[in-house]
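Below: one structure, written as structure tokens.
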Amino acid sequence: MPEKSAFAAELAWPDYHAAVKDGATPILIPIGAMEQHGHHMPLHVDVLLPTEFARRVALETGALVAPPFTYGYKSHQKSGGGNHLPGTTSLDGATLVSALRDVIKEFARHGVRRICLVNGHYENSWFIIEGIDLALRELRWDGITDVKVVVVSYWDFVGEADIARLYPDGFPGWELEHGGVLETSLMLVLYPHLVDLSRAVDVEPAKFPPYDVYPVKPEWTPVSGTLSSPKEASVEKGQLLLDVCTKGIVDALRVEFGT
């Protein structure tokens, strides 16, 4: 007998149906992006990390992990380097909203009543909310009023004390932590074979003016594509982040879903 999988797509449909039909099993949906992450990491960092967080949380809570969204909203210059950079492959906001709305409604049709969206791409945030809002509205039209959706971005569970340990020389802010210490450290502990620190570019945190310009000015983005330096990343920091964020998400779902 094979070990039970945390991934919904790896189950035969009768087993999936038995798990979700009465609404007791939460579904976790990782939402990422295909986006450049500097010279030292691959394009699918924003998919790998939320998917692994979701898997770990599912094993602790009895949830199932849905297939991830592998494309996200357009990279913003001040938080992802910009959508002009090679490799970054993005969706229009309306496309992402529509896809999220449809997937949420489909899981509700299966019987799912507790859904958690695990975000791994900063720019997805507002479009996730819009997709949820439209899905819940249309479900209400069909008389389904008991679906609850929780949204988590894993970095939000990193507290002030943790930040002081991770960034002893000063915290650049989450919006500049693109390809920096946070993501690189997590990749070092989870997917070390996909990280080449010898290619990491040591840059000062990017400095942007207090306004935006479109089309973007490529010269505003550091040539590395990262918005802060990954040089201080480490396995130890990655383990701290992995433990803190996993526990934070588990605790949140236990409060909201009673898992």
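Terminal number for the sequence shown in this note's numbering: 646, no gaps in between.
From the three backbone atoms N, C-alpha and C, an ideal C-beta is built for every residue, glycine too.
In the DSSP assignment, find the beta strand (DSSP E) that holds residue i and state where it starts and stops.
i    : result
R552 : Not the beta strand (DSSP E): R552 falls in the alpha helix (DSSP H), residues E547 to L553.
S540 : K535 to S540
I531 : Element bounds for I531: n/a, residue is neither H nor E.
L472 : No beta strand (DSSP E) holds L472; DSSP gives it neither H nor E.
V505 : R501 to N506
L415 : I414 to I418
Decide if residue i is buried, meaning its Cβ has at least 16 other Cβ atoms within 10 Å, or exposed.
i    : result
P579 : exposed
D409 : exposed
P401 : exposed
T482 : exposed
V432 : buried
Y541 : buried
T571 : buried
Y509 : buried
K461 : buried
K624 : buried
G474 : exposed
E387 : Residue 387 falls outside the range modelled here, since the chain spans only 388 to 646, and no answer is possible.
E606 : exposed
S615 : buried
Y458 : buried
P413 : buried
R552 : exposed
Output the distance between the C-alpha atoms of residue i and residue j, rounded to the nearest integer angstrom.
i    : j    : result
H581 : P429 : The residue asked about is misnamed: residue 581 is Leu in this sequence, not His. Roughly 7 Å separates the two Cα atoms.
P454 : I550 : 31 Å
V499 : F544 : 26 Å
W528 : A522 : 10 Å
L609 : Q464 : Rather than Leu, the amino acid found at residue 609 in this sequence is Pro. Each residue's alpha carbon lies about 10 Å from the other.
P559 : E547 : 13 Å
G557 : P617 : 13 Å
E564 : A587 : 14 Å
L436 : R443 : 11 Å
F440 : R501 : 17 Å
G567 : M574 : 11 Å
M388 : L446 : Reliability fails at M388, whose pLDDT of 45 lies under 50, so the model's placement of it is uncertain and the value that follows must be treated cautiously. One C-alpha to the other measures close to 18 Å.
P602 : H471 : 9 Å
V407 : F394 : 13 Å
E525 : W513 : 19 Å
V600 : K594 : 14 Å
Between which two residues does the alpha helix (DSSP H) carrying residue i extend?
i    : result
P401 : W400 to V407
R442 : V432 to T448
V631 : V622 to F644
L483 : G480 to H497
G422 : Sequence check: residue 422 is Glu here, not Gly. Note, E422: premise wrong, no alpha helix (DSSP H); not H, not E.
T571 : V568 to L577
Any 3 or more C-beta pairs closer than 8 Å across the stretch 466-476 and the stretch 502-517: With contact defined as three or more Cβ pairs closer than 8 Å, the stretch 466-476 and the stretch 502-517 are in contact.
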